[in-house]
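Residue numbers (the numbering used here): 1392 to 1643.
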């Protein structure tokens, strides 16, 4: 994990200490091996990540190399390369996509998507921060995904509420969070969030997310003609049945 300085002007000043210290290299490589080896035959895994918010240094370069030798069939990403020391040169050839978390749509477009020197696809390893009154920015991101081929999508954080069920009351699950486990009462916000509840009941944001990812979209209406765009890569539009409904308001 990265070391973050919690005081002073630059809170990320020491973020790369562990990942750039040779004393931690073997520990980092062993952690990567322990993450990949037991799971590499699971078909549901589409890529590997080197970690979360852990800084970047030579140890991560060695870790990326080890991960690629353990499994050359899946792409690698690591958002931590964004925080690397720009005064040093690191081999980033094993990082196969540019990964960021929570940049604005404006920053993404100007810094990456319009960059003619961009040589790797761009992905949001976290976006649509689904905590509290959220997410309200799904459409702006999806517009860019559909406009630029190099923007390959993103992962909602977090998808599911972290609260845990500790019992049943009146036939419904009882979910516990801040202060329910004997600690001081608090309103920590890492539960009662997500776009689905712990038992996978959709929240409002889920339906907005579903709408933005509908497989068939109307992109133009001119007189009695509608123009659709097929959002799917491997399914032809002829597999869908279009049903038209005319709804009018009745007047007394």
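Just so it is clear, CB atoms sit at the ideal spot from N, CA and C, and this is done for glycine as well.
- Listed in chain order, the non-local C-beta contacts of residue 1457 below 8 Å within the same chain comprise 1420, 1423 and 1424, local neighbours out to five positions each way being set aside.
- Apart from sequence neighbours up to five positions away, the residues of its chain that approach residue 1431 with a beta-carbon distance below 6 Å are 1462, ordered along the chain.
- Between the alpha carbons of residue 1454 and residue 1612 lies a gap of roughly 52 Å.
- By the beta-carbon neighbour count (other beta carbons within 10 angstroms, threshold 16), residue 1552 is buried.
- As a beta-bridge residue in DSSP terms, residue 1551 pairs with 1587.
- In this chain, the beta strand (DSSP E) harbouring residue 1518 covers 1513-1518.
- Apart from sequence neighbours up to five positions away, the residues of its chain that approach residue 1472 with a beta-carbon distance below 7 Å are 1447, 1483 and 1486, ordered along the chain.
- Restricted to the segment 1588-1641, the beta strand (DSSP E) segments that are unbroken, complete and at least 3 residues in length are 1607-1613 and 1616-1621, listed in chain order.
- Counting along the chain, residue 1451 sits inside the alpha helix (DSSP H) bounded by residues 1449-1461.
- When beta bridges are read from the DSSP output, residue 1468 appears opposite 1440.
- Here the alpha carbon of residue 1602 sits roughly 14 Å from the alpha carbon of residue 1621.
- Along the segment 1400-1435, the alpha helix (DSSP H) occurs as fully enclosed runs of 4 or more residues at 1416-1427, listed in sequence order.
- Here residue 1547 really is in contact with residue 1600; their C-beta atoms are around 7 Å apart, less than 8 Å.
- Each of 1583, 1544 and 1411 was checked against the Cα of residue 1476, and the nearest Cα belongs to 1411.
- The beta-carbon separation of residue 1451 and residue 1470, rounded to 11 Å, does not stay under the 8 Å limit for a contact.
- Two segments are said to touch when three or more pairs of C-beta atoms, one from each, lie closer than 8 Å; by this definition the segment 1570-1590 touches the segment 1518-1532.
- Exposure of residue 1605 is indicated by the presence of fewer than 16 other C-beta atoms within 10 angstroms of its C-beta.
- Just so you know, the alpha carbons of residue 1630 and residue 1607 end up roughly 11 Å apart.
- Residue pairing of residue 1560 in beta bridges, as defined by DSSP: 1563.
- Apart from the 5 residues on each side of it in sequence, residue 1512 sits with its Cβ closer than 6 Å to the Cβ of 1488, 1541 and 1543 in its chain, given in chain order.
- If you draw a straight line from the Cα of residue 1474 to the Cα of residue 1407, it is about 8 Å long.
- Cβ atoms of residue 1465 and residue 1436 come within 8 Å of each other, at about 7 Å.
- For residue 1490, the enclosing beta strand (DSSP E) has its first and last residue at 1489-1492.
- Contact between residue 1577 and residue 1514 fails: their C-beta atoms lie close to 34 Å from each other, not under 8 Å.
- Between residue 1597 and residue 1582, the gap from beta carbon to beta carbon reaches 8 Å or more.
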